[in-house]
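Read the structure below first, then the notes.
In my numbering, the protein residues as written are 2 to 520.
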């Protein structure tokens, strides 16, 4: 009803004025159905008879990019209620519309210009008009000249200028001496059998332990209006190391870590440390005497009969022919690796709080808080451990007593010609073990959350250009806490890994025989 009132009012105005004021406008389109005229910044639509479809009308409007319809409802009324006097249905669009993205890196152009102005004879004048608009709106950088020459189209959004994005700086890059978990390698074929393990990572004084390449500042960018874009500089990441056993040198933007002394490389959390390390070039015999060391120990030869070696950390005995009737081999807080195996003549004993890795065991007593990994066979050995695993595909347990909490595994157990082989598995309560694992996982999660918070604090300090004395003291304390927490996480992760292995055992304790058993 409102549209009819508007149309009637316009019709009366035309009649009362004594002349048709719309006739003063410019006729843009006319056929037997409709007529579109322009008057100033306004456009009028008049219908004469029915038959103008919406699709046909839209095609006509596409050829008139200068106008913007203000009421689709009014257009539908004029086309459906014919004849209909002229009504205002559109307004003039801006000839050249520009749009700059929020980041200032792209500028777009929309040309609301009739198609005839894109002709070759009018193109130069059109380009000059566009350039004036770009300059007026300060779009000065990255203007695409090729688009101006060949890419202009009416009533389409065109990328006309593109800025230069800033390249953010790279964070400091850190490389570190690699220390992996012990992974024994069993080589067993017709000609050779070896049991290889890299347990202790020995380094000489001045040896390379790691390096940090300084962060880069980044490369500035520029918006389409010529405004500089500052890059985000890279972060300086902490290079954690033990100040007593490791030193740093800075040259050409690279901080390099070197060992202050010869020793064994170990990580406490993320902090690289060189522990005290003793290497005995030959055998432990009358020339050397019994050895008791408070760090890591490597014996390149063997431990002669009736001699003993003890150490706080890991012990390696690298002699190809192994160990005989040594009195004792003991690691108070680490692993033991005996490359050549041990034939103890019922005199030797081995003690360790972590794992034992050995080529073979014969006539020896073993007490191990972790897992005993045997390369090829155990013969008449008495073993007490969490797990006992003979790794070779032909591995055997013959004679002796094996007492395990979780698992005993070998290809073959027992022998017709030998004394009885006694295997005892205490078993475990799976529910209790699972609860312990859940507790470890919970502690791990809490520790990692604390670590994330400490890392965020460290990033604040490392991002600062300079630190006051108080800030530096806090920074050092946070770094110490960070290293201790990483160390705790590492121990918890090792513990979690052990529990996962234990829970993989069938049932609540198992003896796994891969090939043959002699009852």
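For every residue, glycine included, the Cβ atom is placed at its ideal position computed from N, Cα and C. All values derive from a computational prediction rather than experimental measurement.
Taken in chain order, the complete beta strand (DSSP E) segments of 3 residues or longer contained in the region 44 to 120 are 68 to 70, 85 to 93, 97 to 101, 107 to 112. Taking a contact as a CB-CB distance under 8 Å, the pair residue 221 and residue 234 does not count as one, their CB atoms being some 11 Å apart.
Residue 429 is classed as buried because its beta carbon has at least 16 other beta carbons within 10 Å across all chains shown.
In this structure, the straight-line span from the alpha carbon of residue 61 to that of residue 47 is close to 14 Å. Contact between the region 470 to 490 and the region 355 to 368 is not established, with fewer than three Cβ pairs separated by less than 8 Å. Beta bridge pairing from DSSP links residue 344 with 363. Judged by DSSP in its simplified three-state form, residue 503 adopts helix. Within 10 angstroms of the beta-carbon of residue 181 lie fewer than 16 other beta-carbons, which makes it exposed.
Membership of residue 267 in the beta strand (DSSP E) is indicated by the continuous run 264 to 269. Secondary structure of residue 237 (DSSP, three-state): coil. Between residue 276 and residue 240, the alpha-carbon positions lie close to 18 Å from each other. Closest in alpha carbon position to residue 442, among 457, 65, 493, is 493. Shortest Cα-Cα distance from residue 309 to any of 330, 516, 514 involves 330.
Taking the Cα of residue 159 as reference, the smallest distance to any Cα among 328, 99, 140 is reached at 99. The secondary-structure analysis by DSSP pairs residue 309 across a beta bridge with 329. Under the three-pair Cβ rule at 8 Å, the region 503 to 510 counts as touching the region 425 to 440.
The Cβ neighbour count for residue 85, taken over all protein chains shown within 10 Å, is at least 16; the residue is labelled buried.
Listed in chain order, the alpha helix (DSSP H) runs fully inside the region 466 to 517 are 470 to 504, counting runs of at least 4 residues. Taking the CA atoms as reference points, residue 165 sits about 28 Å from residue 238. The count of Cβ pairs closer than 8 Å, one atom from the region 479 to 489 and one from the region 378 to 390, stays below three, leaving the stretches out of contact. In the three-state DSSP reduction, residue 442 falls in the helix class (H, G or I).
Contact between residue 388 and residue 372 holds: their C-beta atoms lie close to 4 Å from each other, under 8 Å. Residue 414 sits away from residue 423, with the two beta carbons spaced by 8 Å or more. Inclusion of residue 143 and residue 167 in the CB contact set at 8 Å is not warranted, their separation being larger than that value.
Using a Cβ-Cβ distance cut-off of 8 Å, the region 86 to 105 and the region 66 to 77 are in contact, since at least three pairs of beta carbons, one from each stretch, lie closer than that value. Remark: C-beta atoms of residue 301 and residue 281 approach each other more closely than 8 Å. In this structure, the beta-carbon distance from residue 255 to residue 212 falls below 8 Å. In the DSSP assignment, the residues bridged to residue 293 are 311.
Between residue 44 and residue 68, the C-beta gap is smaller than 8 Å, which places the two residues in contact. As DSSP reads the structure, residue 38 sits in a beta bridge with 28, 45. If you ignore the 5 residues before and after residue 307, its C-beta comes within less than 6 Å of the C-beta of 328, all in its own chain and listed in chain order.
For residue 170, the closest of 231, 131, 110 by C-alpha to C-alpha distance is 231.
The beta-bridge partner set that DSSP reports for residue 379 consists of 362, 398. For the pair residue 128 and residue 97, the CB atoms are not nearer than the 8 Å cut-off. The beta carbons of residue 351 and residue 365 sit about 6 Å from each other, so the pair counts as a contact at 8 Å. A check of alpha carbon separations from residue 320 across 303, 334, 335, 326 identifies 303 as the nearest.
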